[in-house]
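Sequences listed follow chains A and B, in order. Here the first sequence is numbered in the working numbering, starting from 9 and rising by one per residue. Here the second sequence is numbered in the working numbering, starting from 126 and rising by one per residue. Even for Gly, the Cβ is constructed at its ideal location relative to N, Cα and C. As the structure is a computational prediction, the values presented were derived from the model and not from experiment. Presented below is the structure to which this report refers.
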Amino acid sequence: MTNKKVKVATVSLAGCFGCHMSFLDLDERLVELVEHVQFDRSPLTDIEHCSPDCDIGLIEGGVCNSENVHVLREFRKNCKTLVAVGACAINGGLPAMRNHISLEDCLNEAYRDGIGVENAQIPSDVELPLLLDKVHPIHEVVKIDYFLPGCPPSADVFWKFLTDLLAGHEPSLPYELVHFD
Amino acid sequence: MQNFIKNLAQENDFQATRLLKILRGVQTKYLHIPKDAIEQLAELLNIPRTQIQNVVEFYSFFHLQPRGQYDILISSSITDLMVGQEELVNYFAEKLGLKIGEVRADGVVSLNNTSCTGMCDQSLAGLVNGYAITKLTKSRIDEIVENVNKQLPLEQWSRDLFDVQDNIIKSDLLLNQKPTQGEAINATFARGLMETLNEVEKSGLRGRGGAGYTTAWKWKFCHEENAIQRYIVCNADEGEPGTFKDRVLLNSYADSVFEGMTVAAAIIGATQGFIYLRGEYLHLYEKLEGILQARRNANLLGKNILQHGFDFDIEICLGAGAYICGEESALIESLEGKAGIPRNRPPYPVVSGYLNKPTSVNNVETFLAAANIAIHGGEWFANLGTAKSKGTKILSISGDCAKAGIYEYPFGTTIQTILNDCGASDVLGVQVGGPSGTFIANDEFERKIAFEDLATGGSFIVFNNSRNILDIVHNFSHFFAHESCGFCTPCRVGTSLLKKQVDKIVEGHGSAGDIVALEELCQLIKNYSHCGLGQTAANPVLTTLERYPELYQSMLKKISYEPGFDLDKSLETARRMAHRDDAHAHLAQVED
Chain A
9 MTNKKVKVAT VSLAGCFGCH MSFLDLDERL VELVEHVQFD RSPLTDIEHC SPDCDIGLIE
69 GGVCNSENVH VLREFRKNCK TLVAVGACAI NGGLPAMRNH ISLEDCLNEA YRDGIGVENA
129 QIPSDVELPL LLDKVHPIHE VVKIDYFLPG CPPSADVFWK FLTDLLAGHE PSLPYELVHF
189 D
Chain B
126 MQNFIKNLAQ ENDFQATRLL KILRGVQTKY LHIPKDAIEQ LAELLNIPRT QIQNVVEFYS
186 FFHLQPRGQY DILISSSITD LMVGQEELVN YFAEKLGLKI GEVRADGVVS LNNTSCTGMC
246 DQSLAGLVNG YAITKLTKSR IDEIVENVNK QLPLEQWSRD LFDVQDNIIK SDLLLNQKPT
306 QGEAINATFA RGLMETLNEV EKSGLRGRGG AGYTTAWKWK FCHEENAIQR YIVCNADEGE
366 PGTFKDRVLL NSYADSVFEG MTVAAAIIGA TQGFIYLRGE YLHLYEKLEG ILQARRNANL
426 LGKNILQHGF DFDIEICLGA GAYICGEESA LIESLEGKAG IPRNRPPYPV VSGYLNKPTS
486 VNNVETFLAA ANIAIHGGEW FANLGTAKSK GTKILSISGD CAKAGIYEYP FGTTIQTILN
546 DCGASDVLGV QVGGPSGTFI ANDEFERKIA FEDLATGGSF IVFNNSRNIL DIVHNFSHFF
606 AHESCGFCTP CRVGTSLLKK QVDKIVEGHG SAGDIVALEE LCQLIKNYSH CGLGQTAANP
666 VLTTLERYPE LYQSMLKKIS YEPGFDLDKS LETARRMAHR DDAHAHLAQV ED
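Printed below as a string of structure tokens:
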């Protein structure tokens, strides 16, 4: 591993932060990790935008709205290697269950016709991102270099993947790390 | 309904193997398979309800929701698209007052697309309540719409609409022979059964469905299996787009085909045979039943055939719209009344086939050849062809040529010779062997029809220079995604991903990495799929990518990546509902 620290940025799009929580399960290995890694834009640092020289971008969650598209593009632009982390980033996951229902029905149920809705109206403000009619896996919007399977991927998966990358060889996940049966 | 279904089940001896036939009866009467019918049949046939549900959902011609009284299907094979299928179907839908895929509100009529119906030499083709209609034009469509709106019974429609031509244009060794009426059976017994098997081996006859397994070996292995019962099956599930020769053989040479089956049965020791006829050839069903009956009356079938002390009979089983059932083990599953999902092999059907008994499944054309070899001997056949491919091959030629139809050639004939004969000019390329075969470009026309060069089950589609290769690939990749049986993931998911990836490139959303991704996907589907369908589903892409890489590259935009769907359009609903049209309410397809 080289002396210069590797810049890692992370984000959760249409995800539940479960992948980030699993990342934190690295526990004491985090101490070793930060000897080689510097966190850039991430919920862990509160840095708002990516530096232009990020090495690795970890993306949790799929793409469900226009803001997700902008954030994803920012990551693609600034990270040399972009990684889809977990089921939602790879397949759309749980949020994509709405893909079987029209967006119109979803919005009406949530904001107009649902039980207990007061002052029923569809939210409308330039500050609010608009929803895409379907939730997409992130590789359908930008080019993705690696995919880490799991819901969430275990801390061991993160560790193996990152240490492989830091050591400068092609990451490979042994079967024991990615089988769920 | 209860009585109807009970009677139907009784007519079929309450046999679960006859499930397809029973469901066909229910579908015809009630225009769908009602839930109650499934419950009742489960009880009567003593099989799980889910097994019936599975079969209903598997086959294209069974429906859980009612279709129209006139259920119209239009073939969407590439040869149909070449005569303007899309425009004509839209015209049809507009005239009928419905959307494609839907049933009209009054329940009278429904319209949908379907896979190739085996009428590529008389496109545009389709099916009305299962019966083939051909050469559809706007005026013929008008006539059908009028019939439908008048609710005229099908029997009173003009016969001309249902006219199916043989179009035999070039005959050789086999097509020049007269249909046999016992000659092959008598010759077989006169020579001796094993001696006749030797003649079949000497003839070098290989399976005509496309795979080309040596017929004599198949029969020999089947014969050598230790079993009380064995079966002969004729594979007439001619589903490969662009193939229609078996339809013609069954229309005009059925006696010889049945006699080939009888000879094979005598050799392997089978007393029961089946002909698995694709559902699209329903129009042949009654005619074939008639021929079988005539053969029974002439003692060419039944007990003690022609006093040779040998019993054999043939039953016709109709398919229900599933390409995969052309694969022999899927066909056997279907014969057993199940969904047509290919079995693990080995054991091969010659060891464990229909009802786990030794079964020889052969193509229609193979039986035709076998009957004639039984009469004329192996040498007669082996004199023609090449070292590894003996005899002749019957081709179904369609597409951009003056004379589409049936052509019989000795193996070893060059593509150029065939193109000259069928009147094809300004040729871009030829799809040999259907979508699962090979696309050859116009600098390869000296190649030959033969197992060692261009193997084919008989499909031969000609494209001239006005055609776009990517349109062809587009059509074929949609075909495979639709016909994947869903059993194994590489094929089920892979063919859908392949379809999406091809769509992305064809629709102009492709970018640099997309061709690499396409190729990787093709290799995955090809190498990991369970059966021949998946293993060949990527062929249209692979064979054209190899020959026209620059064409694929030219479809790519010069950017690193572009989404495969229209980003801004997918915000449309949200924009409308939020009454917004500001700058933040839009997305650029590509980042600036």
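Relative to the Cα of A606 of chain B, the nearest Cα in the group B:V233, B:D436, B:C647 belongs to B:C647. V555 of chain B places its beta carbon 9 angstroms or farther from that of V598 of chain B. In this structure, A:I98 is the residue among A:I98, A:G124, A:C62, A:L34 with its C-alpha nearest to the C-alpha of V150 of chain A. Annotated as distal: F536 of chain B and S521 of chain B, with beta-carbon spacing of 9 angstroms or more. Excluding sequence positions up to five before and after L413 of chain B, its CB lies within less than 8 angstroms of the CB of L375, A379, I400, L402, I441, all in the same chain and listed in chain order.
If you compare the alpha carbons of B:G226, B:A257, B:F346, B:V233 with that of G243 of chain B, the shortest gap goes to B:A257. A residue is called buried once 16 or more other Cβ atoms fall within 10 Å of its Cβ, and N422 of chain B, having fewer, is exposed. For the region 154-240 of chain B, the full-length alpha helix (DSSP H) segments reaching 4 residues or more read 160-170, 174-183, 203-206, 210-221 along the chain. Positions of the beta strand (DSSP E) runs, each at least 3 residues long and wholly inside the region 457-491 of chain B, are given as 484-488 in order along the chain. For I146 of chain A, the closest of A:L181, A:F166, A:V14, A:V79 by C-alpha to C-alpha distance is A:V79.
Distances from the CA of R316 of chain B to each of B:D267, B:C616, B:I500 were compared; the closest alpha carbon is that of B:I500.
In the displayed model, F506 of chain B falls within a helix according to three-state DSSP. Between C656 of chain B and E452 of chain B a beta carbon distance of about 6 angstroms is seen, short of the 8 angstroms cut, so the two are scored as contacting. With respect to chain B, the C-beta atom of D121 of chain A has no partner C-beta closer than 9 angstroms. The secondary-structure analysis by DSSP pairs D438 of chain B across a beta bridge with B:Q397. Residue contact with chain A for T698 of chain B: present (Cβ-Cβ distance below 9 angstroms to some residue of chain A).
Against chain B, the CB of I109 of chain A has no partner CB under 9 angstroms away; the residue lies outside that interface. Within the region 133-146 of chain A, D133, V134, E135, L136, P137, L138, L139, L140, D141, K142, H144 place their CB atoms closer than 9 angstroms to a CB of chain B, listed in sequence order. Listed in chain order, the beta strand (DSSP E) runs fully inside the region 244-307 of chain B are 251-253, 256-258, 293-295, counting runs of at least 3 residues.
Nearest to L649 of chain B by alpha-carbon distance, out of B:L286, B:A662, B:A637, is B:A662.
Between R106 of chain A and chain B, the shortest Cβ-Cβ separation is not below 9 angstroms. Identification of chain A residues near P688 of chain B by a Cβ-Cβ cut-off of 7 angstroms yields E148, V149, ordered along the chain.
The beta carbon of I98 of chain A sits no closer than 9 angstroms to any beta carbon of chain B. V77 of chain A reaches chain B at L692, L712, counting residues in chain order whose Cβ is nearer than 8 angstroms. Within chain B, the residues T698, A699, M702, A703 have their CB atoms less than 9 angstroms from the CB of L115 of chain A, given in chain order. Note on V253 of chain B: 16 or more other CB atoms within 10 angstroms of its CB, so buried under the neighbour-count rule.
For G232 of chain B, the number of other beta carbons within 10 angstroms of its own is below 16, and it is reported as exposed. Cβ-Cβ distances below 6 angstroms link D172 of chain A to P179 in the same chain, with the five nearest sequence neighbours on each side left out; the list follows chain order. Within 10 angstroms of the beta-carbon of R701 of chain B lie fewer than 16 other beta-carbons, which makes it exposed.
The contact set of I130 of chain A on chain B, defined by CB atoms closer than 7 angstroms, consists of M702, A703 in chain order. Residue contact with chain A for S654 of chain B: absent (no Cβ-Cβ distance below 9 angstroms to any residue of chain A). Interface annotation for the region 623-638 of chain B against chain A: G638, criterion Cβ-Cβ distance under 7 angstroms. One thing to note: S240 of chain B has its Cβ no nearer than 9 angstroms to the Cβ of Y406 of chain B.
Contact between the region 187-194 of chain B and the region 145-163 of chain B is present: 3 or more CB-CB pairs across the two stretches fall below 8 angstroms.
Beta-bridge annotation (DSSP): V91 of chain A is paired with A:L66, A:Y154. At a cut-off of 9 angstroms between beta-carbon atoms, S74 of chain A makes contact with chain B.
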